Each structure stands twice: as C-alpha cells, then as structure tokens.
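So the sequence lines, in the order shown, correspond to chains A and B. Sequential numbering of the first sequence, starting at 92, is according to my numbering. Sequential numbering of the second sequence, starting at 92, is according to my numbering. Report on one structure; see the data block that follows.
Number of protein chains: 2
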Amino acid sequence: MHTSLLDRLRLHGYRLTAQRRAVAEALDGINVHLTADEVHARAADILPEISRATVYSTLHELTEMGEILELGIEGRSKRYDPTTSPHNHLVCDSCGVIHDVQHGVAAPELPLNEAHGMAVRRAEVVYHATCGTCLAS
Amino acid sequence: MHTSLLDRLRLHGYRLTAQRRAVAEALDGINVHLTADEVHARAADILPEISRATVYSTLHELTEMGEILELGIEGRSKRYDPTTSPHNHLVCDSCGVIHDVQHGVAAPELPLNEAHGMAVRRAEVVYHATCGTCLAS
DNA sequence: TCTGAGTTCTGGACTAAGTCCAAGTTCGGA
DNA sequence: TCCGAACTTGGACTTAGTCCAGAACTCAGA
C-alpha cells in the first residue's frame with residue numbers, strides 16, 4: 092500500500108521525503124486506529140530523528156488528500172484510520188479504543204431540510220460501548 | 092428544567108450547592124452544544140467566582156447521572172448536550188459546530204458478532220459536513 | 001437553631017495534545 | 001549541478017482538562 096500512497100502524494104504535488112515515507116510505512120498494514128503519538132512512535136522506529144511537528148503535518152496532508160480518516164470520536168486525542176472506504180465505528184467510551192464495524196449497514200441519509208445549509212460529506216454510525224477490560228475494572 | 096434537575100441531583104445523593112445550580116442554569120433552555128469553557132463562562136455570569144475545576148466535575152456528575160450527553164465528536168474540546176433522548180448529530184469538521192438532527196431515523200443495530208465483546212449502550216449517526224461559514228472562508 | 005462530619009469548592013500547579021515559527025536542510029525541475 | 005521552493009526541526013507556546021490540599025459549605029440529627 093505505501094508505494095502507491097507515496098505515488099499519490101506525488102500526484103498531489105507533494106515531495107517524497109524520508110519523513111513522509113516513514114509516516115506512510117507506520118500506517119501501512121495495521122488495522123487498529125493509532126493516535127498521532129503512536130504514529131510518531133512507529134515512524135521513529137524507522138526514522139529516529141523525525142519530529143512530532145512533521146508527523147502532525149504529514150497526517151494532516153494525508154487527511155486532506157483523503158488517504159486516511161481523522162477520528163475525533165472520544166478521548167483527548169485524535170486517532171487516524173487508514174481505511175477510507177465507508178464503514179462504522181464501535182468505541183469504548185471509557186478507554187477510547189476504536190474498532191471498525193464491517194457489517195454492511197449504511198448510515199441513513201440526511202434529509203435536505205435538516206442540513207442547516209451545510210454540505211454533508213459523509214455519514215457514519217458510532218456505537219458507544221464499554222469494552223471488556225473497562226467493564227472488569 | 093433546572094428545578095427538577097437539581098431534584099434529581101439530590102435523589103442521586105448529591106448536595107445542592109450554588110455552583111451546581113449555576114451549572115444547571117447555564118445548561119437550561121439552550122439548544123446548542125456548549126464546550127466546558129462555554130458552560131464555565133455562562134455559569135460565571137450567574138456565580139462569578141465559580142472555578143473551572145468545579146464546572147468540570149459537575150459536568151462529569153451530570154454525565155454520569157445521564158442528565159446530559161458528553162460529545163467528543165470533533166475538534167479539541169468536548170461538548171455537552173442537554174438533550175438525552177436518542178437523536179443524531181450534524182458536525183462541521185472544520186469549526187466543530189454541532190447541530191442536533193431531529194429526523195426520526197434510528198441508527199441501525201449492531202449484530203452481536205460484531206460487538207467484540209463490548210457492551211453497546213447507544214448508537215448515533217454522525218453526519219460530517221462543512222458549515223456555510225467555513226465554506227465561505 | 002446549632003453542630004459536626006463529610007462533601008464540595010477553590011485556585012494554582014501540572015499534564016497531554018496539538019500548533020506555530022524561524023532557521024536550516026533537502027528535493028527535484030531545468 | 002544549481003537554485004528556489006518546499007519541507008523539517010525543535011523548542012516555545014496554547015488549549016483542554018486533571019489533580020490536590022486546604023478552606024468553605026451543606027444538611028441530618030440533636
């Protein structure tokens with residue numbers, strides 16, 4: 092995946108740098124939703140001197156390109172989702188863990204008269220739950 | 092509303108203090124979703140010396156009681172929703188403004204085999220959009 | 001009405017997440 | 001290879017939220 096992601100960065104007029112490569116690799120092949128700090132830690136395994144500011148800006152670029160999804164569902168920190176095809180999320184309100192929900196149910200559409208003049212881009216269903224670990228403690 | 096809300100605080104074993112009254116009044120009769128800081132500002136109009144820490148702890152108590160909803164949908168700060176009956180949200184991803192969506196569409200239910208062992212409490216549909224103000228700028 | 005135990009509040013210090021910026025470095029088209 | 005534009009760095013800063021010890025307050029019971 093990351094090769095084509097880097098290609099796409101290029102198509103969008105971004106330069107290919109070691110830092111962007113490291114962030115792309117950090118996001119490659121994972122199916123959990125990392126926080127910016129976790130992405131930074133993984134990228135730092137590949138490129139130890141990468142700075143937090145660079146990771147943040149690269150994540151913003153990828154979000155803007157639509158290559159990843161920025162989730163601000165619960166907790167203090169945003170999480171980044173490499174799966175951009177429409178899907179829903181199951182969130183533990185107490186620890187912030189997020190699971191993808193793959194069942195094919197699409198979020199119901201929003202009637203135009205409810206849109207408050209806003210341009211709706213996507214809809215998702217968020218299931219608020221408590222995970223086993225948090226239930227036990 | 093706030094009278095009964097205070098009654099319910101009492102029923103839950105909480106004491107009635109001027110500070111809790113002020114927070115309850117700050118949330119009373121509004122239909123926008125305030126951030127903790129905005130709640131603090133409104134409460135401070137009623138009780139100028141109320142501290143941030145108190146507002147935060149009162150908001151947590153009310154959330155725990157189920158009297159208000161804590162929303163962490165987008166942006167850096169949580170917002171508090173005095174409407175606890177099931178409804179959906181329309182969010183501007185760029186400025187964080189949240190509108191309630193009143194149309195009667197319920198979020199689809201989550202199949203048990205998708206629940207990852209988590210106890211699902213509620214589901215909501217979140218519509219991600221850009222508001223008129225942000226579109227213009 | 002008074003009292004005292006226990007609850008609540010305060011304000012300031014602290015933490016975590018994220019942003020900003022100036023200066024130095026690197027990329028890649030010509 | 002050269003050079004300008006784009007990118008990165010790291011440290012300071014901002015914002016949102018938490019923590020804590022001591023002071024103030026609430027309210028049940030006398």
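Backbone N, C-alpha and C fix where the C-beta goes; we use that ideal spot for every residue, glycine too. As the structure is a computational prediction, the values presented were derived from the model and not from experiment.
Its Cα nearest to that of residue 192 of chain A, the residue B/200 stands out among B/200, B/134, B/190 and B/193. Below the 7 Å Cβ cutoff, chain A contributes 219 as neighbours of residue 213 of chain B, in chain order.
Proximity of residue 205 of chain A to chain B, defined by a Cβ-Cβ separation below 8 Å, is satisfied.
Distances from the CA of residue 208 of chain B to each of A/214, A/202 and A/221 were compared; the closest alpha carbon is that of A/221. The beta carbons of residue 97 of chain A and residue 115 of chain A sit closer together than 8 Å. With distances taken between CA atoms, residue 132 of chain B lies nearest to B/110 out of B/104, B/110, B/102 and B/176. For residue 178 of chain B, none of the residues of chain A pass the 7 Å Cβ criterion, the least Cβ distance being about 11 Å.
By the Cβ neighbour-count rule, residue 227 of chain B is exposed, with fewer than 16 other Cβ atoms within 10 Å of its own.
Assigned with DSSP and collapsed to three states, residue 130 of chain A falls in helix. Using a Cβ distance threshold of 8 Å, residue 217 of chain A and residue 217 of chain B count as a contacting pair. A Cβ of chain A is located within less than 8 Å of the beta carbon of residue 183 of chain B. Contact residues of the stretch 117–147 of chain A toward chain B are absent (C-beta to C-beta distance below 8 Å).
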